[in-house]
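J.: Just so you know, numbering that gives the first Met the number 0 puts 6 at position 7 of the sequence shown, and the rest follows in order with no gaps.
Here's a structure for you.
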Amino acid sequence: MRRPFVCGNWKMHKTIAEATAFVHELLAAPSLGAGAVDIAIAAPFTALAALEPILAGSRIALAAQNMHWAESGAYTGEISAPMLAELRVRYVILGHSEPREYLGETDASINKKIRAALAHGITPLVAVGETQEEHDAGRAIERVVHQTRAAFAGIAPHDVAKCVIAYEPIWAIGSGRVCTAEEANHTMGAIREALPALCDARILYGGSAKADNVAGLCAMENIDGALVGGASLTVGPFVDLITNAGSSS
Ligand code: 13P
0 MRRPFVCGNW KMHKTIAEAT AFVHELLAAP SLGAGAVDIA IAAPFTALAA
50 LEPILAGSRI ALAAQNMHWA ESGAYTGEIS APMLAELRVR YVILGHSEPR
100 EYLGETDASI NKKIRAALAH GITPLVAVGE TQEEHDAGRA IERVVHQTRA
150 AFAGIAPHDV AKCVIAYEPI WAIGSGRVCT AEEANHTMGA IREALPALCD
200 ARILYGGSAK ADNVAGLCAM ENIDGALVGG ASLTVGPFVD LITNAGSSS
């Protein structure tokens with residue numbers, strides 16, 4: 000039985016002051032005490048150092064939204080795995096469709112980043128997903144299986160097994176158009192079968208996940224939680240989403 004996992008992805012939202020206020024309020028939410036769901040928050044780089052001491056020893060893990068593959072070097076604007084490890088960042092989102100689209104992220108760079116994260120004890124949360132066009136052409140599974148195999152090419156199965164996958168259909172991100180639980184489960188089953196090492200890995204759904212649809216998603220065999228954008232930005236809806244993700248287990 001895989002434990003449900005909800006990771007908030009704040010994207011480019013929240014100053015340090017906003018991030019710390021949010022986390023204090025989240026930790027004080029009484030219903031978080033139930034403990035049935037693992038929780039992480041992927042904050043902007045600027046907020047990580049401030050959040051680390053607040054989250055230390057709590058139920059909420061710290062996550063980053065991206066990183067570079069090199070240990071250090073002349074990479075202006077980038078952040079390395081050792082920098083994140085020093086802040087006790089537990090997870091890093093890699094391969095999100097936004098850096099794939101806006102920052103030239105490729106399957107090859109994602110592969111290098113996964114290796115670097117693993118080498119520093121940070122768990123990659125690897126995102127895959129098809130475009131609207133690929134979806135409408137019936138090529139979603141082909142696309143995500145390709146992305147999954149490319150992301151993990153040449154990586155040892157025992158390392159692949161440590162990773163978390165997020166299936167995020169691009170057409171569902173921020174659009175309010177959630178993928179049906181049945182379709183997401185079907186596609187996510189194909190991702191799980193893409194590599195034998197993923198048979199017990201946690202696979203999250205992302206794309207307009209909300210408190211009112213997450214229980215139905217998490218009730219499906221291949222859906223182990225959610226990677227949440229918009230609904231992770233305010234405490235009340237995020238707590239409700241976490242509670243409902245736990246209720247389906
Ligand atoms: P939304 O939940 O806002 O659709 O964003 C999903 C996402 O991209 C999480 O990484």
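From the three backbone atoms N, C-alpha and C, an ideal C-beta is built for every residue, glycine too.
Drop a sphere of 10 angstroms on the beta-carbon of Ser271, count the other beta-carbons inside from all chains shown, and report buried for 16 or more, exposed for fewer.
T.: The requested residue 271 does not occur in the structure, where the chain is confined to residues 0 to 248.
J.: Confirm the yes/no value for this check: CB of Glu100, any heavy atom of ligand 3, distance under 7 Å.
T.: This structure lacks ligand 3; the ligands present are ligand 1.
J.: For Phe237, which option in Ala107, Ile15, Ile38 and Ala60 has the closest C-alpha, if you only look at C-alpha atoms?
T.: Against the sequence shown, residue 237 aligns to sequence position 238. Nearest of Ala107, Ile15, Ile38 and Ala60 to Phe237, Cα basis: Ile38.
J.: What do you get for Glu129, buried or exposed, if any count of 16 or more other CB atoms within 10 angstroms of its CB means buried?
T.: On the sequence shown, position 130 is the one that residue 129 refers to. That one is buried.
J.: Pull every residue with its beta-carbon under 6 Å away from any heavy atom of ligand 1, and keep them in chain order.
T.: With the cut-off at 6 Å, the residues found are Asn8, His95, Glu167, Ile172, Gly173, Gly205, Gly206, Ser207, Ala208, Leu226, Val227, Gly228, Gly229 and Ala230.
J.: Can you give the Cα-Cα distance for Gly235 and Val213, rounded to whole angstroms?
T.: As a first step, residue 235 must be located in the sequence shown, where it is residue number 236. As a first step, residue 213 must be located in the sequence shown, where it is residue number 214. Each residue's Cα considered, the two are about 15 Å apart.
J.: For Ile59 versus Ile40, is the C-beta spacing smaller than 8 Å?
T.: As a working mapping, residue 59 is identified with position 60 in the sequence shown. As a working mapping, residue 40 is identified with position 41 in the sequence shown. Yes, the pair counts as a contact, with Cβ atoms nearer than the cut-off.
J.: In angstroms, rounded to a whole number, what distance separates the CA positions of Leu197 and Val163?
T.: Translated into the one-based positions of the sequence shown, residue 197 becomes position 198. Translated into the one-based positions of the sequence shown, residue 163 becomes position 164. C-alpha separation (whole angstroms): 9 Å.
J.: Taking Asn8 as part of the beta strand (DSSP E), name the residues at either end of that continuous run.
T.: What you label residue 8 is simply residue 9 of the sequence shown in a count that begins at 1. It spans Phe4 to Asn8 - the beta strand (DSSP E) in which Asn8 sits, taken as one unbroken run.
J.: Would you list, in sequence order, the uninterrupted alpha helix (DSSP H) runs of no fewer than 4 residues that lie entirely inside the segment 168-237?
T.: Counting whole runs of 4 or more residues, the segment 168-237 contains the alpha helix (DSSP H) stretches 180-193 and 210-217.
J.: For Ala62, which option in Pro43, Thr75, Gly72 and Tyr74 has the closest C-alpha, if you only look at C-alpha atoms?
T.: As a working mapping, residue 62 is identified with position 63 in the sequence shown. Of the listed residues, the one whose Cα sits closest to Ala62 is Pro43.
J.: Exposed or buried, which one is Ser71 when buried takes at least 16 other CB atoms within 10 Å?
T.: Numbered from 1 along the sequence shown, position 72 holds the residue referred to as residue 71. Exposed is the call here.
J.: Counting Cβ pairs, one atom from each stretch, are 3 or more of them under 8 Å apart for the segment 147-154 and the segment 201-216?
T.: No, they do not touch.
J.: What first and last residue would you give for the beta strand (DSSP E) that runs through Val163?
T.: Within the sequence shown, numbered from 1, the residue matching residue 163 stands at position 164. From DSSP, the beta strand (DSSP E) with Val163 extends over Val163 to Tyr166.
J.: Can you say whether His157 is buried or exposed, counting buried as having 16 or more other CB atoms within 10 angstroms of its CB?
T.: Here residue 157 refers to the residue found at position 158 of the sequence shown. Under this definition His157 is an exposed residue.
J.: To test your reading of the DSSP string, which unbroken beta strand (DSSP E) runs of 3 or more residues are found completely within the segment 99-137?
T.: Qualifying beta strand (DSSP E) stretches, in chain order: 122-127.
J.: Using the three-state DSSP reduction, which class does Ala150 fall into: helix, strand or coil?
T.: Taking the sequence shown and counting its residues from 1, one reaches residue 150 at position 151. The answer is helix: DSSP assigns Ala150 an H, G or I state.
J.: What beta strand (DSSP E) runs, 3 residues minimum, are completely inside the segment 48-83?
T.: If we require 3 residues or more, the beta strand (DSSP E) runs fully inside the segment 48-83 come out as 59-63.
J.: Just list the residues that DSSP pairs Leu93 with in beta bridges.
T.: Along the sequence shown, read from residue 1 onward, the residue named residue 93 stands at position 94. Its beta-bridge partners are Val125.
J.: Which residues in the same chain have their Cβ closer than 7 Å to the Cβ of Ala69, if we skip the five residues on either side of it in sequence?
T.: Locating residue 69 in the sequence shown gives position 70, counting from the first residue. Here the set comprises Ser79.
J.: Nearest-angstrom Cα distance between Tyr319 and Asn221?
T.: There is simply no residue 319 to check, as the chain begins at 0 and stops at 248 in what is shown.
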